[in-house]
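The working numbering puts the first residue of the sequence shown at 76, with every later residue one more than the last.
Backbone N, C-alpha and C fix where the C-beta goes; we use that ideal spot for every residue, glycine too.
Written out below as structure tokens is the structure these notes cover.
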Amino acid sequence: MTSNQVLAPTLPFMGQLPGPMVPGCRIRLKAKINRPNGDLRLHLQSGASLNPMDNVPLHLTFLPATREVIWNSYAAGRWGQEVRTPNSPINFEEDFELALSAHPQGFNLEINNEPPTSFNNQSPQDRITHIFLTGGAVVQSITYDNWSVTPSIPKEIMPSAPAFAPSPVPVPFQIPAWPHTGHVQFFGPPPPMLYSPQQPAFNPAMMMGPQQPLLGEVYVLN
Numbered sequence: 076m077t078s079n080q081v082l083a084p085t086l087p088f089m090g091q092l093p094g095p096m097v098p099g100c101r102i103r104l105k106a107k108i109n110r111p112n113g114d115l116r117l118h119l120q121s122g123a124s125l126n127p128m129d130n131v132p133l134h135l136t137f138l139p140a141t142r143e144v145i146w147n148s149y150a151a152g153r154w155g156q157e158v159r160t161p162n163s164p165i166n167f168e169e170d171f172e173l174a175l176s177a178h179p180q181g182f183n184l185e186i187n188n189e190p191p192t193s194f195n196n197q198s199p200q201d202r203i204t205h206i207f208l209t210g211g212a213v214v215q216s217i218t219y220d221n222w223s224v225t226p227s228i229p230k231e232i233m234p235s236a237p238a239f240a241p242s243p244v245p246v247p248f249q250i251p252a253w254p255h256t257g258h259v260q261f262f263g264p265p266p267p268m269l270y271s272p273q274q275p276a277f278n279p280a281m282m283m284g285p286q287q288p289l290l291g292e293v294y295v296l297n
């Protein structure tokens, strides 16, 4: 088993994984969120389609403004139960490193080598074929570790664009309505208050930028 690496991908980025994602496989990502009130959104998808969207066994949104990570999944046209993990160590304009690995019950996430947080998911991991990244961030590198199948470095793949396009073009699409419900897990000790009325609620309809309409209602767990 070896590693593959993609350097400085342009966001939004759709990349094919080196092979099926099975327990033991790991994705490492180095990035920095560089926009005020920006975020980074990551999909592990069962296909490269965004409209209609293929199944997403794992969705992650990293929100420095509220120090949260949002976890969810998408299957058969519906979002699953959202989980929010507070106390994320990611800050604006600071480099950070993620390590996302598969285990038999779901996924583990490490941020800056801190203790991992787990997300349990029953979706078949071996059907995950692509990673999708978007948001107000700069990604320095994506590294794929411990894949048993390792062809040449994955190419950027954008729907409606040639596979070898030198400058990928963002493709507008609509994200299905996503109610925000679920329970809370923690990065480290919980803060005295997880949420306040002033904190903005996130809606994934904003995935491709502020011009997209908000879809559905948003519910924030108190």
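**Prompt:** Among Val81, Thr85, Met96, Pro164, which residue has its Cα nearest to the Cα of Ala177?
**Reply:** Met96
**Simplified DSSP state of Asp129, which is helix, strand or coil** = coil
**Request:** Compute the distance between the beta-carbons of Phe137 and Ile165, then report whether it is under 7 Å.
**Result:** yes
**Asked** Between which two residues does the beta strand (DSSP E) harbouring Gly90 extend?
**Response** 88-91
**Residue from Val144, Trp154, Trp222, Thr209 whose Cα sits closest to the Cα of Thr192** = Val144
**Straight-line Cα distance separating Leu173 from Asn187** = 6 Å
**Request:** Pull up the distance between the alpha-carbon of Trp222 and that of Pro93, whole angstroms please.
**Result:** 7 Å
**Message:** So, at 6 Å on beta carbons, what are the nonlocal neighbours of Pro139 in its own chain, with the 5 sequence-adjacent residues on each side left out?
**Reply:** Ile108, Ile165, Asn166, Phe167
**Item:** Classification of Gly210 by the beta-carbon crowding that lies within 10 angstroms, buried from 16 upward
**Value:** buried
**Prompt:** Roughly how many angstroms lie between the CA atoms of Lys105 and Ala212, to the nearest whole one?
**Reply:** 10 Å
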